[in-house]
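Note that our numbering has the sequence shown beginning at 54, numbered continuously upward.
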Amino acid sequence: MAERVGFEPTVRVSAHLISSQARSTTPAPLRCPVRVSSASGMINEGTGSGYHDKGDKVRFAIAMLLINACVFLSTCSEPPTLLDTIIERGTLRVVTRNSPTTYYLGGDGPTGPEYEFARAFADELGVELEMYSAPTFDAIIPELLTYRADIAAAGMTVTDARRERLRFTTPYQVITQQVVYRMGAKRPRTIEDLVGRRIAVIAGSSHADTLERLKQQLPALAWTEVPASEGDDLLYWVAQKRIDVTLTDSNEFQISRYYHPELRIAFELGQSDELAWALRRGDDPSLYRLAENFMQQLTASQQAQRTLDKYYGYRGEFDYVGTRRFLRHVESRLPQYQEMFDEAAERVDVDWKLLAAVGYQESHWNPDAVSPTGVRGLMMLTRATAGQLGIENRRDPEASISGGARYLVRVRSKIPERIPEPDRTYMALAAYNVGFGHLEDARVLTQRFGKDPDLWKDVREHLPLLAQRKYYTTVRRGYARGWEPVLYVDNIRRYYDLLQWYFSERNRMYRPLVAEDGGGGGSDEAF
54 MAERVGFEPT
64 VRVSAHLISS
74 QARSTTPAPL
84 RCPVRVSSAS
94 GMINEGTGSG
104 YHDKGDKVRF
114 AIAMLLINAC
124 VFLSTCSEPP
134 TLLDTIIERG
144 TLRVVTRNSP
154 TTYYLGGDGP
164 TGPEYEFARA
174 FADELGVELE
184 MYSAPTFDAI
194 IPELLTYRAD
204 IAAAGMTVTD
214 ARRERLRFTT
224 PYQVITQQVV
234 YRMGAKRPRT
244 IEDLVGRRIA
254 VIAGSSHADT
264 LERLKQQLPA
274 LAWTEVPASE
284 GDDLLYWVAQ
294 KRIDVTLTDS
304 NEFQISRYYH
314 PELRIAFELG
324 QSDELAWALR
334 RGDDPSLYRL
344 AENFMQQLTA
354 SQQAQRTLDK
364 YYGYRGEFDY
374 VGTRRFLRHV
384 ESRLPQYQEM
394 FDEAAERVDV
404 DWKLLAAVGY
414 QESHWNPDAV
424 SPTGVRGLMM
434 LTRATAGQLG
444 IENRRDPEAS
454 ISGGARYLVR
464 VRSKIPERIP
474 EPDRTYMALA
484 AYNVGFGHLE
494 DARVLTQRFG
504 KDPDLWKDVR
514 EHLPLLAQRK
524 YYTTVRRGYA
534 RGWEPVLYVD
544 NIRRYYDLLQ
554 WYFSERNRMY
564 RPLVAEDGGG
574 GGSDEAF
């Protein structure tokens with residue numbers, strides 16, 4: 054299929070699960086049309102009177118001919134449903150937007166919350182996923198209404214205006230709108246403080262609708278609507294001083310603040326908003342019913358929470374200085390060891406960026422690092438662990454990286470296979486730090502408190518209890534500094550996401566942000 058100008062390459066994902074419900078082999082009953090449209094109304098089945106003019110008689114005769122032809126040929130049936138069309142076509146077409154909160158091409162392929170949800174739904178239907186990003190946010194709904202896409206999975210806010218044309222599924226996330234400004238500038242604290250500021254929002258977005266409502270009570274409020282590709286572009290503009298303020302959603306800022314650490318929240322606007330999938334309102338309900346059922350099950354299960362937690366759940370206290378230092382080290386230190394991480398990761402079948410994130414957490418990619426307890430090297434291996442792995446020189450970066458990779462995989466192999474990813478890897482990282490036995494103790498405590506010992510979010514909550522006597526005396530391995538593996542995993546996830554962002558094609562243009570001035574060297578000119 055030819056690519057459209059302005060669109061990212063379409064991502065196709067083959068399905069692995071086939072829904073017996075979707076692929077019914079029962080033939081549809083033979084039915085013939087019983088209605089024919091006319092300028093004066095509909096010709097109804099069973100109405101043998103009331104057709105007096107010549108035009109009505111002609112139309113009635115045509116209708117009867119069509120009915121007789123259907124009966125004679127036995128080839129006339131109801132038109133296929135939208136779901137039938139998708140199953141026959143073999144692909145589910147999903148329009149989205151290119152952002153960290155929805156869908157983007159990472160260093161190892163497509164990723165993002167909406168991508169994961171859409172892929173699971175396509176698998177449920179037994180078809181391939183054809184997912185693509187619209188060139189601008191306000192192009193998403195037209196892509197749906199013109200039948201290029203079957204579903205819009207784009208982190209779209211449910212609004213009354215959109216409900217007039219679209220049908221929304223059960224929402225999967227609740228967010229708030231936030232006013233964002235750059236650290237060092239005067240903070241706007243009220244709506245009145247926005248007057249006179251250089252404000253830009255995405256055209257066609259709920260943020261533009263919000264400003265329109267605010268203008269009714271504050272006529273002097275002015276802003277620019279930009280057909281930018283994504284809200285992340287406007288956050289970049291604020292960071293570069295091209296504009297003073299933009300509006301964003303809380304989930305977008307939750308992620309993007311680590312890519313643009315100069316940004317701050319000024320204040321929040323209005324009530325909470327809901328994010329959901331959108332389908333065309335005029336279609337038959339076949340696809341909508343399955344999508345709604347899928348989303349209801351997703352939100353009722355732990356799977357939706359697992360996916361959202363993968364992207365948002367660990368975002369804790371923001372470390373501006375640490376993030377700036379990390380981005381500088383990506384430029385200055387990582388290139389020396391990137392090939393070593395890549396080769397070691399390939400041998401044990403893990404993502405090299407995950408290994409690199411572990412290495413940074415351990416030593417800041419310093420092969421000569423030594424801790425007060427005697428662990429040393431880039432991956433900070435103990436003498437005993439190095440001996441088990443056959444490593445003689447822990448300060449040899451290649452040997453240390455290879456050993457760390459093998460040790461991480463060895464630890465992960467102890468985690469029960471029933472625990473799905475990414476929770477299994479998170480628990481392996483915690484065990485890498487605190488020891489597998491202490492991780493098991495934390496899972497025991499998690500179960501005692503009625504939570505899920507196979508869910509990292511719940512285990513993470515109970516790991517710190519290992520430092521409290523009333524709890525560690527009741528488990529097998531006793532005391533542990535239980536808060537350390539929590540911070541350890543949180544940091545690695547943060548570094549891993551930053552590496553994912555840094556090495557993604559979309560964000561290559563943002564790499565000047567690692568400059569010493571904090572990315573504020575852009576032009577003061579607005580556009």
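Glycine included, each C-beta is placed from N, C-alpha and C at the ideal position.
Because the structure is a prediction, the values reported are computed rather than measured.
Start-to-end residues for the beta strand (DSSP E) that takes in residue i
| i | result |
| --- | --- |
| residue 210 | 204-210 |
| residue 226 | 226-235 |
| residue 186 | 181-186 |
| residue 147 | 144-149 |
Bridge partner(s) assigned by DSSP for residue i
| i | result |
| --- | --- |
| residue 221 | 331 |
| residue 609 | An answer regarding residue 609 cannot be provided, because it is not within the stretch 54 to 580 covered by the chain. |
| residue 539 | Answer is none; residue 539 lacks a bridge partner. |
| residue 423 | 429 |
| residue 152 | 156 |
| residue 252 | 298 |
Where the alpha helix (DSSP H) containing residue i begins and where it ends
| i | result |
| --- | --- |
| residue 442 | Looking at the DSSP string, residue 442 is not in any alpha helix (DSSP H), and its letter there is neither H nor E. |
| residue 351 | 339-353 |
| residue 238 | Where residue 238 is concerned, there is no enclosing alpha helix (DSSP H), given that its DSSP letter is neither H nor E. |
| residue 464 | 450-467 |
| residue 198 | 193-198 |
| residue 408 | 405-416 |
| residue 215 | 213-216 |
| residue 390 | 387-401 |
| residue 477 | 476-487 |
Beta-carbon proximity check, residue i vs residue j, cutoff 9 Å
| i | j | result |
| --- | --- | --- |
| residue 319 | residue 298 | yes |
| residue 224 | residue 328 | yes |
| residue 203 | residue 340 | yes |
| residue 408 | residue 394 | yes |
| residue 410 | residue 264 | no |
| residue 2 | residue 541 | Because the chain here runs from 54 to 580, residue 2 falls outside it and cannot be looked at. |
| residue 507 | residue 462 | no |
| residue 412 | residue 434 | no |
| residue 259 | residue 293 | no |
| residue 134 | residue 337 | yes |
| residue 198 | residue 216 | no |
| residue 429 | residue 437 | no |
| residue 308 | residue 277 | no |
| residue 244 | residue 287 | no |
| residue 468 | residue 326 | no |
| residue 481 | residue 491 | no |
| residue 510 | residue 414 | no |
| residue 533 | residue 488 | yes |
| residue 418 | residue 390 | yes |
| residue 494 | residue 539 | no |
| residue 479 | residue 513 | yes |
| residue 267 | residue 343 | no |
| residue 214 | residue 156 | no |
| residue 154 | residue 166 | yes |
| residue 377 | residue 291 | no |
| residue 525 | residue 519 | yes |
| residue 361 | residue 226 | yes |
| residue 456 | residue 444 | yes |
| residue 400 | residue 439 | no |
| residue 181 | residue 145 | yes |
| residue 273 | residue 249 | yes |
Inset, instruction - Report the residue ranges of all beta strand (DSSP E) runs contained in full by the stretch 255-326; include only those spanning at least 3 residues, in chain order. - result: 277-279, 298-302
Inset, instruction - Take every Cβ of the stretch 190-205, pair it with every Cβ of the stretch 301-315, and state whether three or more of those distances are shorter than 8 Å. - result: no
Inset, instruction - Tell me the start and end of each unbroken alpha helix (DSSP H) in the stretch 498-530 that is at least 4 residues and wholly inside, in chain order. - result: 509-515, 522-525
Inset, instruction - Take every Cβ of the stretch 321-337, pair it with every Cβ of the stretch 193-201, and state whether three or more of those distances are shorter than 8 Å. - result: yes
Legend entry - Inter-stretch contact (C-beta, 8 Å, three-pair minimum) for the stretch 438-452 and the stretch 493-506: no
Legend entry - Three-pair Cβ contact test at 8 Å for the stretch 179-187 versus the stretch 149-158: yes
Legend entry - the stretch 160-176 touching the stretch 347-362, judged by at least three CB pairs closer than 8 Å: yes
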